[in-house]
Amino acid sequence: AISSNGRATGNPPALIMIHAPVTHDMHMLLPKLIFIVSLFLGPSDGLHSHSLLLDEERGRLLLGARDHIYLLDPDHLARAPRKIHWPAARDRVETCKLAGKNANLECANFVRVLHNYNRTHVYACGTGAFHPSCAFIEITGRREDGVFQLLSSTVESGRLKCPFDPLQPFTSVLTDQYLYAGTSSDFLGKDTTFTRSLGPPPDQHYIRTDISEDYWINGAHKFISAHPIADTYNPDDDKIYFFFREVSWEGNDKSILSRVARVCKNDVGGLRSLTNKWTTFLKARLVCSIPGSDGVDTHFDELQDIFLLPTRDGKNPVVYAVFTTSSSIFRGSAVCVYSMADIRAVFNGPYAHKEGPDHRWVEYEGRIPYPRPGTCPSKTYDPRIKTTKDFPDEVVSFIRFHPLMYRSVYPLTGRPVFTRVRVDYTLTQIVVDRVLAEDGQYEVMFLGTDVGSILKVVSITQENWSTEEVVLEELQVFQVPTPILSMEMSSKQQQLYVGSSEGLAQVSLSRCNLYGQACAECCLARDPYCAWDGHTCSRYIPASKRRARRQDIKHGDPASQCWDTDGKYVFFLRESEERLKDCIGNSLSNSTFLECIPKSQQAQIRWYIQRPGSERREEVRLDDRVVHTNRGLLIRSLHASDAGVYICVAQEHTHFTHTLLRLTLQLVTHGQLDSKLKLGEEPTVDLRHGTESRQRYKDYLRVMSSPFRSLEEYCDSLWLEKGPSKARGRGLATGKWKHIQEMKKSRNRRHHREREEEKERKRVVRTAEQQGTRKHQD
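Numbering (this note's numbering), first residue to last: 2 to 779.
So this is what it looks like as structure tokens:
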């Protein structure tokens, strides 16, 4: 109804609605906080980071990007980095362009592999404009002036070590001088395989999965991660576990499933069959689903990321996995947790076998050859079998056609520990930190999303062994919505390094000062990193000497920790000296939004209204017209009865409540506006909602043609006469009003004279026309 310059554009509104905050906590925090310690953006045309190597022992951070490898300071990313320029050969770039690839996003050398080879060298691989290559990088001395160079004499082919396509999902791990990689081996990216290369001389030959059989890796959509894990105390039993997702066919039904697979580290291939191919390759399905009451589970089938949380027993890390749904109808993400004991039990269980006219997987019930397929050769297991080349032919033949286990791996709790559904983002990355708090040990998950934000979630186990997942923070790391591609955590520096196409960000694991200035607020946050030290909410550091640190992660009960609560949760809101100036034109059918966002993500919000002339506070009734959202209260189609003082109250831990916001919603009629414009009248504001009156269109036009050129000026007048702040002083307010009133008088005199002249001109013209008409008739 009103344009930006204050002119009428349609039907006139009957009311002007004003937001007048009575009290407002200016330290209120949004659930999504933009909070970055340091940011590295790289060149002006984009960083295009694809790999990250954090070496806490040597205090260095390497970043692989387009045509460059950067050596960064892990303490301060903003410091000038050292870099190695490693472009693709010019002829390879031209060939890439001729093949129809993107010159900026594909036809360059994107560094995808960075691994420590020894104390002085790093092994690196890049896509080389769809012609991958690898080389060693020498790093010695200090970061500022030490040796940092690529050894050109070591450049070699990167096929089966690095993908051709910079955008293709890929994983690799380097252990005992061997490089294990899940990648594609051709230009088109259709031949996906899991390989082993490098190794100490003279044992340098490739071992890979069998591409002739779809049973092994069937069109792997994405390799996620690979990890060396010991199965027993015998090093001959050490294995490489890797995670991926692939296409699976059950008859004519096609689906995408997530897998965990393993191979023996001492696998050298078969003698007559499966030569230079894995002879110990086995795989099993990873299931992450929510059991349904009707017996139908909701599955999250697409694996996105894996994190292994170490335990005291190095053979049994806890496996955290992020999944998303594959359905186009239902969008959601989930985190499931698995034990290595359950994974090993599946690999020691029955094999799957395809039979019948519909070629469905069933349990294999025939005779299993000796030694059991998938077993690593070991002198302690069988002295006659020293290597995989000593396996009997029937063992090699069996594993070639039976690499899939019949049973699936299910999460520890039988369901996800954390889910996100019906939100505008999906989870992409995960890292987990084990934190020691005053009342025990907790696992804190940092979850990256596809919109550049991070969720900080703590897992709390209660007395009945049920788990509770509490969202502590939601940080918007990158202002531009961009998927988070990599995350590395430094326990030593207590920092999180977050990579995306926009750059690399350094984020602190804790921000205790943001939780508030009271013991109760700090306790209710339930953040294992933070505790109340008697003065502020600060970083909790376990110490041998008991100190007066107040913290309750398991229950978040300030009554048991804070002396000033006395069983009640009391907050004193600070009066805001700077009033918010918000004036919005609305008709009775228009909508308004009252924003109120709690500091804590665990708080439940309730809205109350105190109507004009009443001291009673009643809860706002929600319906199709009045809707409560996670960011505030939406009132559709304003009614006269909506006027009043709105109170936003946060409730935590069943009985602890505090007021976040008091907001006065005034509906001011045009009669009230018009009264503001009478000459010589002292400016006042009536906070009470007056009687409704229907105004003619000329009333609205008189408002718009008033000395106030816009609604903003009218709002300024309202706030000035409401009472100037101490900082401004009354003299300033009086001076401004004097200037406005003088302008008002002069403009009124001019407008009055112009209107009288126009009336006189029209009267003369009308009289002349009437006289001319009479003469013509005569």
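Note that CB positions come from ideal geometry on N, CA and C, so glycine has one too.
- Asp306 has Val323 as its beta-bridge partners, per DSSP.
- Counting along the chain, the unbroken beta strand (DSSP E) around Cys649 starts and ends at Gly645 to Glu653.
- For Cys531, there is no enclosing alpha helix (DSSP H); the enclosing beta strand (DSSP E) has its first and last residue at Cys531 to Trp533.
- With respect to the 9 Å criterion, Val508 and Val478 are classified as neighbours on the basis of their beta carbons.
- Using a Cβ distance threshold of 9 Å, Arg144 and His51 do not count as a contacting pair.
- When DSSP states are grouped into helix, strand and coil, Asp343 belongs to the helix group.
- Shortest Cα-Cα distance from Ile431 to any of Asn349, Ala335 and Tyr647 involves Ala335.
- For Phe331 and Thr325, the gap between their C-alpha atoms comes out near 10 Å.
- Contact check between the stretch 153–171 and the stretch 112–129: three or more CB pairs, one atom from each, fall below 8 Å, which counts as touching.
- In chain order, His629 place their CB closer than 6 Å to the CB of Leu623, counting only its own chain and leaving out the 5 sequence neighbours on each side.
- The C-beta of Thr276 has fewer than 16 other C-beta atoms within 10 Å across all chains shown, which makes the residue exposed.
- Counting C-beta atoms within 10 angstroms of its own C-beta, Gly350 has fewer than 16 neighbours from the protein chains shown and is therefore classed as exposed.
- Within 10 angstroms of the beta-carbon of His228 lie 16 or more other beta-carbons, which makes it buried.
- A residue is called buried when at least 16 other Cβ atoms come within 10 angstroms of its Cβ; Gly449 meets this threshold and is buried.
- Here Gly500 is buried: its Cβ has 16 or more other Cβ atoms, across all protein chains shown, within 10 Å.
- The stretch 437–484 is shown to contain whole beta strand (DSSP E) runs of 3 or more residues at 441–450, 454–462 and 468–477, in chain order.
- Proximity to Met490 across Tyr407, Ser511, Leu258 and Pro484 peaks at Ser511, based on C-alpha coordinates.
- Comparing C-alpha distances from Thr381 to each of Cys520, Thr233 and Thr299 shows the shortest one belongs to Thr233.
- Shown here, Glu57 sits in coil according to DSSP, grouped into three states, outside any helix or strand.
- Just so you know, the alpha carbons of Met446 and Gln552 end up roughly 19 Å apart.
- Nearest Cα to Asp440 within the set Leu199, Leu40, Asp528 and Thr280: Asp528.
- Secondary structure of Pro236 (DSSP, three-state): helix.
- The alpha carbon of Leu64 has as its nearest neighbour, out of Pro318, Gly504, Cys531 and Arg421, the alpha carbon of Gly504.
- In the three-state DSSP reduction, Asp314 falls in the coil class, being neither helix nor strand.
- Scanning the stretch 116–189 for uninterrupted beta strand (DSSP E) segments of 3 residues or longer gives 122–127, 134–141, 148–151, 172–176 and 179–185, listed from N- to C-terminal end.
- Under the three-state reduction of DSSP output, Val261 falls in the strand class.
- According to the DSSP assignment, Thr196 belongs to the beta strand (DSSP E) that extends over Thr193 to Leu199.
- In this chain, the alpha helix (DSSP H) harbouring Thr96 covers Arg91 to Leu99.
- Less than 9 Å separates the beta-carbon of Tyr365 from that of Tyr407.
- For Ile636, the uninterrupted beta strand (DSSP E) run begins and ends at Gly633 to Ile636, by DSSP.
- Excluding the 5 residues flanking it on each side, Arg540 has same chain C-beta neighbours closer than 7 Å at Ser511, Cys513, Tyr530 and Cys531, in chain order.
- Gln562 counts as buried, since no fewer than 16 other beta carbons sit within 10 angstroms of its beta carbon.
- In the same chain as His206, and ignoring 5 residues on each side of it, the C-beta atoms closer than 7 Å to its own belong to Asn277, in chain order.
- Across the structure, Val363 and Ser158 are spaced so that their CA atoms are roughly 42 Å apart.
- For Phe224, no alpha helix (DSSP H) segment is defined; the enclosing uninterrupted segment is the beta strand (DSSP E) at Lys223 to Ile230.
- In this structure, Ser274 sits away from Asp359, with a CB-CB distance that is not shorter than 9 Å.
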